Amino acid sequence: QKLWCTLWSAGSLGRFAQHMSNAAHQVSCIGSEEQRVYEEPHVIFQNWLMAAQKEAPQVRPRLACMATVDKSGEPVTRLTSIEEVNSHGITFFTTLGSRQAGEISANPHVSLHFNWAPLMRSVRIAGSAHQLTEEQVRDQFRRFPRHVQMSITHGPRYAAAEWQSRSGFFARIGQRLNTWLGKQPEEIPMPHNWGGYILTPSLYEFGMLSGEKAGRTRVRFRRCLEMPRGTRVGHVQAERQDWVYDSCDEN
Numbered sequence: 025q026k027l028w029c030t031l032w033s034a035g036s037l038g039r040f041a042q043h044m045s046n047a048a049h050q051v052s053c054i055g056s057e058e059q060r061v062y063e064e065p066h067v068i069f070q071n072w073l074m075a076a077q078k079e080a081p082q083v084r085p086r087l088a089c090m091a092t093v094d095k096s097g098e099p100v101t102r103l104t105s106i107e108e109v110n111s112h113g114i115t116f117f118t119t120l121g122s123r124q125a126g127e128i129s130a131n132p133h134v135s136l137h138f139n140w141a142p143l144m145r146s147v148r149i150a151g152s153a154h155q156l157t158e159e160q161v162r163d164q165f166r167r168f169p170r171h172v173q174m175s176i177t178h179g180p181r182y183a184a185a186e187w188q189s190r191s192g193f194f195a196r197i198g199q200r201l202n203t204w205l206g207k208q209p210e211e212i213p214m215p216h217n218w219g220g221y222i223l224t225p226s227l228y229e230f231g232m233l234s235g236e237k238a239g240r241t242r243v244r245f246r247r248c249l250e251m252p253r254g255t256r257v258g259h260v261q262a263e264r265q266d267w268v269y270d271s272c273d274e275n
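When you line the sequence shown up against the working numbering, it's residues 25 to 275, in that order.
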């Protein structure tokens, strides 16, 4: 029950917690037939992510371990930073033509794993990744701070040197003068080989430890598009609900 209080802080948590409370005595493992329909789990992930950014920023909460598959079928992992999280999916950016981009193009099935040890929480997200449009990538590039744009375009060393040169006394005076005169800084060009992807999740798995010696509770949400809307779980009119969930406790 403690887990459900952390999944959501307002509104629909009451309904969700009520469903789970009623099913708690029946749900003992992930393979159980007891399932419930629930609306977008990405909102739960957003809440957990915001909590991690507030309570444990030192672990870089937006940094995830991404798993892809290479041409020989072997799994490949690397650290990837995510950007936007919404009902459509999760966006991340990389260099087009890189090994990561090539593996996604060959096999779009990927997964992300977030581990927030200070909060004793983890999230696993799996689904298919598809390339963003050039306009979407350009919009995200313009939203980045200037030093991040410099790092993407010219590399981290050049960006660090540029940042140091702009942080000097005379550089700051010049910047204030340009601002007073209404002169905008020179626009940094976006590299032609820089692009982004959106991961459309088909699975969310939330994990939480209740203590050092306690067991681990997992809640798994799976997209359930194969069931006709309006007939899921028989009596539930799930016109907007695409997810079913189950849970288990691990010792």
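All C-beta atoms in this analysis are idealised placements derived from N, C-alpha and C, irrespective of residue type, glycine included. Here the structure is a predicted model, which means the values were calculated and not measured.
By DSSP, does residue i sit in helix, in strand, or in coil?
i	result
A88	strand
S56	Confidence in S56 is poor, its pLDDT being 40 and thus under 50, which makes the residue's placement unreliable; the coordinate value appears in the next sentence. DSSP places S56 in coil when its eight states are reduced to three.
M74	helix
I106	strand
E229	strand
I212	coil
S234	coil
E274	strand
P99	strand
As a quick exercise: from the options, pick the residue whose alpha carbon is nearest that of residue i.
i	options	result
P213	Q164, R84, G121	Q164
P85	K95, M74, V93, D94	M74
S96	E107, A80, E127	E127
P99	R166, G179, I222, V134	V134
E107	D270, L223, R244, F245	L223
Within a Cβ cutoff of 8 Å, which residues of the same chain sit near residue i, ignoring the five residues on either side of it in sequence?
i	result
L103	L87, A88, C89, M90
V161	F117, M214, W218, G219, G220
Go through its chain and collect everything with a Cβ distance to residue i's Cβ below 6 Å, but skip five positions before and after it.
i	result
P132	S152, A153
I149	L136, P225, Y228
A130	none
P142	A80
Q124	T118
G121	N217
Going by beta carbon distance, what residues of the same chain come within less than 7 Å of residue i, once the five residues before and after it are set aside?
i	result
E233	Checking the sequence shown, residue 233 turns out to be Leu, not Glu. M144, R240, listed in sequence order.
Q173	F165, I212
Looking at residue i and the ligand FAD, is the gap between the Cβ and the nearest heavy atom below 7 Å?
i	result
N71	By its list of ligands, the structure shown contains no ligand whatsoever, and the ligand FAD lies outside what it can speak to.
At a Cβ threshold of 8 Å, is residue i touching chain C?
i	result
G151	Looking for chain C here will not work: only one protein chain is present.
Unbroken stretches of the alpha helix (DSSP H), 4 residues or longer, contained in the region 114-189: 123-130, 158-167, 170-178
Contact between the region 102-112 and the region 150-160 (3+ Cβ pairs under 8 Å): no
Inter-stretch contact at 8 Å, needing at least 3 Cβ pairs: the region 118-138 / the region 87-96: yes
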